[in-house]
Amino acid sequence: MLYKGLQLDPFQEEAIHAVDRNHSVLVTAPTGAGKTVLAEYAIEKCLEMGRRVIYTAPIKALSNQKYRDFYQTYGDCVGIVTGDVVLNQSAQVLLMTTEIFRNTIFDDITRLDDVEYVIFDEIHYINDIERGTVWEESIIFAPQNIKFVCLSATIPNINQFAEWMRSVREAEIDVIEELERPVPLEHHLYLEGYGIGDLACLQKIQESIIYDDFYDEDDTDKNGTFEEALPNLIHADLIPYIQNQNQLPCLYFCFSRKVCEKNAAYYAKRTLLTAEQRKEILHLFDLLCTQFSIRDERNIQAFRHLVSKGIAYHHAGMLPTLKEVVERLFTSGLIQLLFTTETFAVGINMPACTVVFESLEKYDGVSFRYLKAREYHQMSGRAGRRGIDPIGYVYARVFPKFAHVESVQRITSGKIEPIESQFNLSYSSILNLYEKYGDDIYDVCTQSLNNFQNIERVRKTETQIQHTFTTLNKLSKPTCIHDGVDGFDQIGGYNNLRDRITERRKLLKVERRALKGKGGKRRHKKDLRQKFMRSERQLWQIEAEKNENLCHNCKQFKTCDYSYRKINQSENRIQELQNRKVLLEDYQRKQIASRLKILEELGYIDGSGLLARGKIASQIYGYEIQVTQLLFKGFFENLSEDELSVLAMAIVCEDRKDWGHYRKLEDKKIKRLLKTGDKEIESIRILEEQYQVDPVIPKLVTQLSTAMLAWSQGCEFETLPQYVNLADGDFVRAFRLVIDLLRQLTSDYYYVKPNNLYTFNQRRKNMADQEFELTTKLRIRAAAANDAKALEQYCFTGSAAAEIDQELQDDLSRTERGEVYRIVAEASGHAIGNIRLERHPLNPEIGDVSQLAVSAPFRQFAVADKLIDFTEQVAQENGITTLQIELSRSEEPIITAYKGWGFDERPVVTLQKTVGSSDTASASDQETSTDETPSLEEDTEEELQLEDTEDSSEDSEDFDGEEQQQKLL
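Heads up, the sequence shown is in the numbering used here, so the first residue is 5 and it goes up one at a time.
Below, the structure written as structure tokens:
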């Protein structure tokens, strides 16, 4: 079968036929086998059908790369939504991270009604300890109209995984497995200090080191014997050997950023390029640096020197723009030796002729461990370029003296580990599911892959229990030679006495050492002597009791003791297996139950559903409990932009084992704020430990606080390392996390709007460019006695300066929100806020109802007062008799600023007032109002939240515009 002029492999044809049958398809094939072709076919089929398709990736870099690739092919039909970029989010082909797809399911599942296929690239990420649950939740809770194209490298338990998917999805699922690589690989070991060999060489070298049988520098005969014993060993340095064998370009995987940079500097002593290639790569490097505005960044000149040699490095600590430059240089084929961390092997299609491993061990955040076979094959799969290299080469560097041969063999030639569920619902997911399913949430969660795999584990455990019971029943119990004595109990009591004597002797040894110690008061010595004598007497009593026991010096003791211990081992084994069975059956249920109890205790839920805190937390993904608790405790109120940024940074900052140098905060107000906030978080952690929740939420981390404060106040990006020892890329990532958290606070009651989010990618020097503006949305709904055109007319003839915001008008017209006008109200010569007039979005038949949406900084009570006064003036001049405002409970401090407004005691406070009268009206009065003043209670709180959601999405679309698209492309 030909597709786009290429002859397809059999597994590709089979997958395409499955898509043609409207089936879901699960495809596993080695890296570089051509799985992306299947995604492209599914995309084109959806385009022909007029249906939408979503392409998800585990990392933003892969999403961005795929966006560039697809945009070149499909043009404006392609959009992207990540934590950093929102472009054309209503496009037919939409790229996003898997987290955003999961969040969309919980936020508004109806937005997925017209989606035909979702493509999960790198589906084996479901095995990731920290993020795997996101893939699992997406598969379980996605609407059933969606079918999946799941792409992955080799999955040993693919049939089990497919069976689980069939148990939760209605669509047919076809499994297609390809095991043969298009480019075969040769695996070698680079034995440090010896040369290039294989596993047999490693074993023999270890034997020579241990027994000194072969190698002795002073013994030429032994040296010759050693050479003869290792005929496959090639004595050569690795990189020169690879260069001489024409096996470049090479990806050199290191598991440390510093090692990447150190190796690049070391090998830059030699050049891997011709003069013509050197000229070409420097021209391209300079061009890209100019394009990305990084020519004046620190270390660029040093990096340029590396590039001139055909060498570079790539890791997460680099600026995102510099990483992009490196990726484009490598794609051009001019980079011959790239030192990189393992993230380069995830999804990004940049193969090489050769792959080298700096080591087969890595630090995983807890300890050093050997790689898993899956990790090794994921990275080694980058070797061998299809259509270019007949063979791909893989070299793993090991130190023979310290290497564990069995581990090296397992990694390089052993079986790949099966994927296992990492299902662990966050508080946000639990809140969303509890709102939808209530107490049935437990039944919903039994659909997890974890539960599916545990069913099989429980069966195996039950078989082991039965087998152990059978073994136990075959064992003969000890028989005592004394009449009327139970041999099992007798030998058990005797062994207990022996154990007590052993423990008592250990205790006496410690007390004797303390008694003989020098120094100490006489009184203290006397107490120690008395304590020692008491312990000694107790030992004598136990020994006397043992000597009188029937088993003491009994000729049958050894026989009875052997039988007793075998029976005891079997019983303990049965108890251990039964405990394991209970854990497998109940662990997930207990975790969910514990979290629900915590949420109920903290006031997030009750028997009827979500409370105000729960509604807020359900819309935040990541740090939802910390943010919501601090939000409702008033921590976000009365903060300056700088203080807000520092608090957000303390929430999202990830703790490290060794921070190295960092400057401590000196601002006393912020220090008190963070200290008090951490106490609030600690109280929740204690509660989690009481309910045995795993893992507990993290503490506030303040190591980046001073750097965040300096950046917020406008320091130069280049000066940030003087506040904390951190790489450029880590600063950018931390700032992005802060932005993402602040963006999520737009939910319902709080509105965070960075004026230009992409400035962090550009590393703008002045925090003022960001304009983090925390505001409250005051939703003012007006019932007009006359037609709403009266207010529309006021926009052009009233005393306030007015202008039509054409851009905003165009955006809202696309969502059929009607015409929108901006009134710039002036008081004392200063613009005090914006008032928008719009027709009712949900019920256009109500012609006499309009909405005045007022936005003002919530800290500025005086400004808010003037806005309210101005709104009342507009209402009076145009026949509006009733105004109503809805505020969140956390905004109660503002309520006091509005004199003459009444409010009821609900989580969402409703204030209302009859314009032109000093009397306040209650909610019940409003409901019983006359026909001349129509009630607005029919416009529900849900509708208002929907309006705000649409506003937020439109703001995002305005904000992430053509400039970001150009940067991505």
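Ideal Cβ placement from N, Cα and C applies to all residues, glycine included.
- Closest in alpha carbon position to residue 120, among 39, 51, 326, 79, is 51.
- Residues of the same chain with a CB within less than 8 Å of the CB of residue 284, apart from the 5 flanking positions on each side, are 338 in chain order.
- Counting along the chain, the unbroken alpha helix (DSSP H) around residue 593 starts and ends at 561-605.
- In the DSSP assignment, no residue is bridged to residue 423.
- According to DSSP, residue 10 shares a beta bridge with 7.
- Taking every protein chain shown into account, the CB of residue 385 has 16 or more other CB atoms within 10 angstroms, so this residue is buried.
- In the structure shown, residue 87 falls within a coil segment according to DSSP collapsed to helix, strand and coil.
- The closest CA to that of residue 178, considering only 172, 184, 163, 568, is found on 163.
- Excluding its 5 nearest sequence neighbours in each direction, residue 726 has C-beta neighbours in its own chain below 8 Å: 667, listed in chain order.
- Assignment of residue 608 by DSSP, reduced to helix, strand and coil, places it in the coil class.
- When only Cα atoms are considered, residue 539 and residue 528 end up about 17 Å apart.
- Note on the stretch 341-387: whole alpha helix (DSSP H) runs with a minimum of 4 residues are 377-384, in chain order.
- A Cβ-Cβ contact shorter than 9 Å links residue 125 with residue 66.
- In the same chain as residue 299, and ignoring 5 residues on each side of it, the C-beta atoms closer than 8 Å to its own belong to 290, 293, in chain order.
- Taking 4 residues as the shortest admissible run, the stretch 704-745 contains the following complete alpha helix (DSSP H) segments, listed from N- to C-terminal end: 709-716.
- Annotation: residue 648 to residue 634 spans about 12 Å, alpha carbon to alpha carbon.
- Residue nearest to residue 249 within the set 592, 152, 200 is 200 (criterion: CA-CA distance).
- Among the bridge pairs identified by DSSP, residue 154 is matched with 30, 124.
- For residue 653, the enclosing alpha helix (DSSP H) covers residues 645-656.
- In the same chain as residue 455, and ignoring 5 residues on each side of it, the C-beta atoms closer than 7 Å to its own belong to 592, in chain order.
- For residue 617, the enclosing alpha helix (DSSP H) has its first and last residue at 616-622.
- Per DSSP, reduced to three states, the secondary structure at residue 204 is helical.
- In the DSSP assignment, residue 181 is bridged to 32.
- Exclusion of the five residues before and after residue 639 leaves 681 as the residues of its chain whose Cβ lies within less than 6 Å of its Cβ.
- Annotation for residue 189: the continuous beta strand (DSSP E) segment containing it runs 189-195.
- Secondary structure at residue 537: helix, using DSSP grouped into helix, strand and coil.
- By the criterion of at least three beta-carbon pairs nearer than 8 Å, the stretch 431-447 is not in contact with the stretch 157-177.
- Between the stretch 488-497 and the stretch 457-465, the count of C-beta pairs closer than 8 Å stays below three; the two stretches do not touch.
- Judged by their CB atoms, residue 701 and residue 629 are nearer to each other than the 9 Å cut-off.
- In the displayed model, residue 395 falls within coil according to three-state DSSP, outside both helix and strand.
- Per DSSP, residue 318 is one residue of the beta strand (DSSP E) stretching across 315-318.
- Shown here, residue 53 sits in a helix according to DSSP, grouped into three states.
- Nearest C-alpha to residue 82 among 89, 95, 70: 95.
- Taking the CA atoms as reference points, residue 441 sits about 23 Å from residue 695.
- Taking the Cα positions, residue 720 is about 12 Å away from residue 302.
- Considering only 662, 678, 103, the residue with the shortest C-alpha distance to residue 669 is 678.
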